[in-house]
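These protein sequence lines are chains A and B, in that order.
Heads up: the first sequence is residues 1 to 495, going by this note's numbering.
Heads up: the second sequence is residues 496 to 990, going by this note's numbering.
To start, the structure under review is shown below, and the notes come after it.
Number of protein chains: 2
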Amino acid sequence: MAESGAGQGSERGPTAGSWVDTAERVGVDLHLELPGSGSRRGALADALRDSVRSGRLSPGTRLPPYRALAADLGVARNTVADAYAELVAEGWLTARQGSGTRVAERARPLGGAGRVAEDAPVRDPGPAHDLRQGAPDASAFPRAAWAAAYRRALNAAPAAAFGPGDPQGRIELRTALTEYLARSRGVRADPGRIVVCSGFAHALRLLHGEKVLRGPLAVEEYGLAFHRELLHGAGVRTVPLTVDEHGARVAELSALGSGVRGVLLTPAHQFPTGGPLHPERRAAVVDWARGRGGLVLEDDYDGEFRYDRKPVGAVQGLDPEHVVYVGSVSKSLSPALRLGWMVLPGHLVRDVVAAKGEREQWASALDQLALAEFLSSGAYDRHVRRMRQRYRARRDLLVRALAERAPWAEVGGVAAGLHAVVRLPSGREREVLIAARARGIAVEGLTAFRHPEATGGSGGHDPGGDGLVVGCAAAAERAYGAAVEALCEVLERVG
Amino acid sequence: MAESGAGQGSERGPTAGSWVDTAERVGVDLHLELPGSGSRRGALADALRDSVRSGRLSPGTRLPPYRALAADLGVARNTVADAYAELVAEGWLTARQGSGTRVAERARPLGGAGRVAEDAPVRDPGPAHDLRQGAPDASAFPRAAWAAAYRRALNAAPAAAFGPGDPQGRIELRTALTEYLARSRGVRADPGRIVVCSGFAHALRLLHGEKVLRGPLAVEEYGLAFHRELLHGAGVRTVPLTVDEHGARVAELSALGSGVRGVLLTPAHQFPTGGPLHPERRAAVVDWARGRGGLVLEDDYDGEFRYDRKPVGAVQGLDPEHVVYVGSVSKSLSPALRLGWMVLPGHLVRDVVAAKGEREQWASALDQLALAEFLSSGAYDRHVRRMRQRYRARRDLLVRALAERAPWAEVGGVAAGLHAVVRLPSGREREVLIAARARGIAVEGLTAFRHPEATGGSGGHDPGGDGLVVGCAAAAERAYGAAVEALCEVLERVG
């Protein structure tokens with residue numbers, strides 16, 4: 001028998017039948033196919049593993065003796081012995097004196113993959129008309145320029161860049177950001193004050209989740225529910241400040257009591273209602289922070305995108321010791337990159353870096369190097385300029401279309417950013433959202449951004465109430481016009 | 496005066512002197528230099544901002560009237576008015592009826608950058624001889640192959656890849672991992688069971704920090720203090736299991752009481768002591784998890800690197816419903832990338848994805864795409880093969896050198912991984928570490944990896960006690976030999 005089937009050519013067919021003809025009947029009808037080349041032992045082990053996995057070899061089944069299987073497959077006896085030993089070591093098989101080699105009892109087949117796939121969260125395939133806020137035009141990502149910067153950065157990087165990373169962030173990126181933020185946003189930084197993170201939410205986690213800052217936080221009465229929930233999850237109470245067309249009414253801070261020593265603001269362009277923080281309020285909030293030994297958290301989420309004039313600089317520039325400035329590439333470049341930065345008062349740097357851990361656990365050092373190169377080569381500026389023009393045109397298109405087709409729906413805020421708030425008559429938001437959804441439009445209502453404890457509504461300045469937060473950026477260029485058209489149809493019908 | 500200096504050439508010098516000659520004396524000796532080209536308004540605003548920042552214009556200082564400064568600089572009056580208005584809007588200046596335009600009181604200069612830089616954590620410039628465990632050879636990162644995969648992946652990516660990301664991870668990566676992990680590690684996965692993360696610590700945060708799993712966790716009595724501390728910080732009690740040359744003594748699990756339903760293991764190569772989990776223990780821990788409705792957390796931190804035989808497959812393959820398999824590129828490719836993966840039992844997928852949030856906040860989608868391409872193009876296998884040979888040679892060199900020069904220092908564990916444990920006579924570890932440090936060698940002592948509650952020491956099988964955990968990988972190829980030589984010198988002297 002040892003001579004039969006000694007060939008190892010790929011024409012070898014199933015070899016099972018012969019087993020039952022051997023002197024030792026092993027009660028197993030095993031179809032093993034070994035590929036024609038490569039390690040015999042590895043191939044046999046793989047084949048056996050597959051058989052157990054698939055359930056063809058069921059738990060408890062006794063395998064053929066080495067000699068029989070070796071003869072059957074035309075391989076050396078040691079090859080079979082080694083393959084069995086490997087699967088015993090992995091726990092697929094058991095080998096006991098006197099009972100031979102058997103399939104282990106615990107080697108259960110993988111429960112139907114179909115079921116798992118059905119259990120797993122189903123991802124949104126994307127709406128017909130995407131007017132969601134929060135993301136830039138994904139189709140405009142500068143693939144070639146970014147990949148070129150990435151390659152240049154990798155070539156130029158010191159070897160240590162591929163080792164464990166400094167949790168503060170790569171010095172190349174912190175240096176490039178220092179220059180860029182001063183020039184474009186009036187931020188007064190130096191590389192020692194910058195800590196790289198994965199985005200604004202990560203900054204909140206580091207500051208409040210990791211308890212670098214403690215106590216309740218004043219927030220604008222309109223903002224991202226995600227941020228509020230993150231803070232609440234970290235045990236931080238948020239106290240809403242009224243918002244009007246000049247941004248947050250920071251004068252209310254003084255009435256909040258000395259327990260509140262931090263305030264989270266979107267000074268460049270209140271999110272989402274759209275008013276830039278009034279100069280007097282910029283000054284007042286810095287005064288408040290100084291007087292209370294407190295901090296302003298400046299979320300500069302879309303500071304580069306102002307269309308009616310040059311962007312107003314960051315509040316941070318007024319007093320770097322009382323403002324934490326946070327920015328990211330999520331609106332300017334892509335939320336897929338997961339890169340952001342904090343510019344910190346000097347006394348917080350050590351604690352925030354410690355909160356990140358001994359090594360960089362989050363932001364890819366290679367992406368950091370690529371962004372440094374992208375910034376310092378001028379590619380970032382070029383991209384932002386291009387997108388500023390595009391988003392400006394889109395926002396203008398929305399404003400013109402609404403003025404013509406639904407003049408009762410007023411667009412609030414200044415000409416800036418990647419979204420616009422469309423105010424609706426009181427009580428109509430839900431109806432509009434339902435009609436929009438039926439039309440295949442993905443768009444959010446303004447009330448979803450409202451703090452649950454917001455008093456709102458008082459005085460003529462309140463920009464709140466019912467409305468839509470219309471994202472002008474997420475749609476691809478060719479799809480945006482149709483999305484605005486669809487929205488206008490919905491508003492015409494509802495209005 | 497309006498005619499003087501009307502030119503805007505770059506040869507324009509400081510223009511201060513003339514101010515004090517104007518009818519309105521403004522008490523300010525301001526040197527403003529405007530560049531020869533570009534927007535006059537922007538240049539003036541920048542120059543004024545710089546003057547306030549640098550402290551040359553101190554708080555409260557009254558600025559020249561529009562007319563005077565316009566004449567002085569040879570620009571239009573409106574240009575000055577606009578620049579002033581811009582800085583008022585930013586809070587640098589204040590403008591009040593009757594008192595003119597002044598530098599705002601709150602515009603404090605940035606406290607000396609030098610001080611901040613000194614306050615900031617100082618990074619280790621790196622030791623003379625790097626024998627730390629935990630990182631691969633950074634100088635061996637496959638820059639060209641990775642950058643090429645990155646570029647191909649970016650070119651091939653759908654536009655949506657540059658938008659907000661699926662928190663489960665890119666399907667391209669999960670698909671490539673399913674194939675790779677089955678082939679190389681015997682992991683039974685499908686893309687629906689994989690969740691991408693930033694590394695093992697992130698997996699622990701998601702499972703235990705976010706309370707997907709609750710209750711105390713059994714751990715090996717030797718392991719990374721960082722992981723234990725992370726768990727303790729999340730309120731998770733860790734209970735040590737004794738470790739011997741066959742890995743963790745999982746039989747001890749039954750005695751721990753029904754409160755312990757999870758166990759964290761390094762089955763391929765116990766970290767750091769080096770024993771692979773014995774086949775009977777692999778079976779037993781799966782049985783235990785089934786019986787208790789519990790889970791095995793399998794940290795496959797260096798599973799690809801076994802030198803004496805083919806790597807033993809993952810325990811996960813024995814029962815995918817009772818094992819969470821976790822891997823990353825941190826040892827195989829680079830810890831700078833921040834990419835890892837969990838293969839989860841079906842019933843945990845939804846909760847873990849929810850713990851990650853509505854959108855991907857951590858792992859760069861572009862890096863994920865690049866890794867998918869790197870895996871499926873075979874570049875990952877090639878790199879791992881190359882590094883396996885390199886690390887094997889390094890480990891062999893260490894073992895040979897120690898056998899010759901310090902035969903009393905036994906190397907424990909199997910021939911695998913990126914480190915080796917060198918056992919020392921009882922009570923000598925501290926002395927050796929001090930001597931090593933004096934010699935410029937960065938190396939860790941074994942006791943630092945020991946669980947504070949470890950009972951250890953009992954029985955002849957205990958691999959613990961005094962020792963060194965010698966990383967064979969972190970040093971660059973040309974530096975490794977000298978590092979081993981230095982270590983031998985230290986051990987010769989101490990022994």
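Idealized CB from N, CA, C, for every residue including glycine.
None of the values given here were measured: they were computed from a predicted structure.
Interface flag, residue i vs chain B, CB-CB below 8 Å
i, result
"TYR150 (chain A)", "yes"
"ARG155 (chain A)", "Reading off the sequence, residue 155 (chain A) comes out as Asn, not Arg. Yes, because at least one Cβ of chain B sits closer than 8 Å to the Cβ of ASN155 (chain A)."
"SER334 (chain A)", "yes"
"GLU298 (chain A)", "no"
"LYS211 (chain A)", "no"
"GLY111 (chain A)", "Caution is warranted here: a pLDDT of 46 is assigned to GLY111 (chain A), below 50, making its placement in the model unreliable, and the coordinate value is therefore given only provisionally. At least one chain B Cβ lies under 8 Å of GLY111 (chain A)."
"ASP367 (chain A)", "yes"
"ALA283 (chain A)", "yes"
"ALA474 (chain A)", "yes"
"ALA159 (chain A)", "yes"
Those residues which DSSP pairs with residue i across a bridge
i, result
"CYS692 (chain B)", "B:GLY835"
"LEU217 (chain A)", "A:THR238 and A:GLY262"
"THR101 (chain A)", "A:ALA95"
"ASP794 (chain B)", "B:VAL821"
"GLY922 (chain B)", "For GLY922 (chain B), which the question treats as bridged, DSSP gives no partner whatsoever."
"TYR717 (chain B)", "B:ARG945"
"GLY728 (chain B)", "None, per the DSSP bridge assignment."
"LEU963 (chain B)", "B:VAL917 and B:GLY940"
"GLU905 (chain B)", "B:ARG918"
"GLY243 (chain A)", "According to the sequence as given, residue 243 (chain A) is Val; it is not Gly. Beta-bridge pairing links VAL243 (chain A) to A:ALA248."
"HIS129 (chain A)", "A:ILE441"
Nonlocal neighbours in the same chain, by C-beta distance under 6 Å from residue i, ignoring five residues either side
i, result
"GLN663 (chain B)", "VAL690 and VAL848"
"SER51 (chain A)", "LEU57"
"THR670 (chain B)", "PRO686"
Contact with chain A by residue i, beta-carbon distance below 8 Å
i, result
"HIS697 (chain B)", "yes"
"PRO560 (chain B)", "no"
"LEU982 (chain B)", "no"
"TRP857 (chain B)", "yes"
"LEU813 (chain B)", "yes"
"VAL807 (chain B)", "yes"
Rounded C-alpha distance that separates residue i from residue j
i, j, result
"ALA677 (chain B)", "ARG683 (chain B)", "6 Å"
"GLY681 (chain B)", "LEU369 (chain A)", "35 Å"
"TRP362 (chain A)", "SER829 (chain B)", "13 Å"
"LEU861 (chain B)", "TYR180 (chain A)", "24 Å"
"PHE374 (chain A)", "GLY660 (chain B)", "22 Å"
"GLY467 (chain A)", "ARG450 (chain A)", "11 Å"
"GLU534 (chain B)", "ALA874 (chain B)", "Position check: residue 534 (chain B) holds Ser in this sequence, whereas Glu was assumed. When rounded, the distance between both Cα atoms is 51 Å."
"VAL993 (chain B)", "LEU832 (chain B)", "With chain B running from 496 to 990 in the structure shown, residue 993 (chain B) is simply not present."
"ASP381 (chain A)", "GLU304 (chain A)", "10 Å"
"ALA743 (chain B)", "LEU919 (chain B)", "21 Å"
"ALA652 (chain B)", "GLY126 (chain A)", "16 Å"
"LYS805 (chain B)", "ALA83 (chain A)", "10 Å"
"VAL219 (chain A)", "ARG261 (chain A)", "11 Å"
"VAL791 (chain B)", "CYS472 (chain A)", "47 Å"
"LEU371 (chain A)", "SER364 (chain A)", "11 Å"
"SER330 (chain A)", "HIS383 (chain A)", "13 Å"
"GLY718 (chain B)", "ARG890 (chain B)", "20 Å"
"ALA655 (chain B)", "LEU702 (chain B)", "28 Å"
Sequence-distant residues of its chain with Cβ nearer than 7 Å to residue i (five each side left out)
i, result
"ALA483 (chain A)", "HIS129, ASP130, LEU131, ILE441 and ALA475"
"ARG493 (chain A)", "ALA435"
"ARG923 (chain B)", "ASP961 and VAL989"
"ALA576 (chain B)", "TYR561"
Chain-order list of residues whose beta-carbon lies under 8 Å from that of residue i (same chain, five-residue window excluded)
i, result
"VAL985 (chain B)", "VAL927, ALA930, ALA931, ARG934 and ILE936"
Residue i: contacting residues in chain D (beta-carbon distance under 9 Å)
i, result
"VAL810 (chain B)", "The chain labelled as chain D is not found among the protein chains of the depicted structure, namely A and B."
Near the ligand COA: residue i beta-carbon under 7 Å from a heavy atom
i, result
"PRO554 (chain B)", "Among the ligands in the structure shown, none appear at all, so the ligand COA cannot be discussed."
Open item on the list: Please give me, in chain order, every unbroken run of the alpha helix (DSSP H) with length at least 4 that falls completely inside the segment 338–399 of chain A.
Closed with: Those alpha helix (DSSP H) runs which fall completely within the segment 338–399 of chain A and span 4+ residues are 349–356 and 365–376.
TODO: Let me know the beta strand (DSSP E) ranges lying completely inside the segment 140–201 of chain A, each 3 residues or longer, listed in chain order.
DONE: Counting only runs of at least 3 residues, the segment 140–201 of chain A fully encloses the following beta strand (DSSP E) elements, listed from N- to C-terminal order: 194–197.
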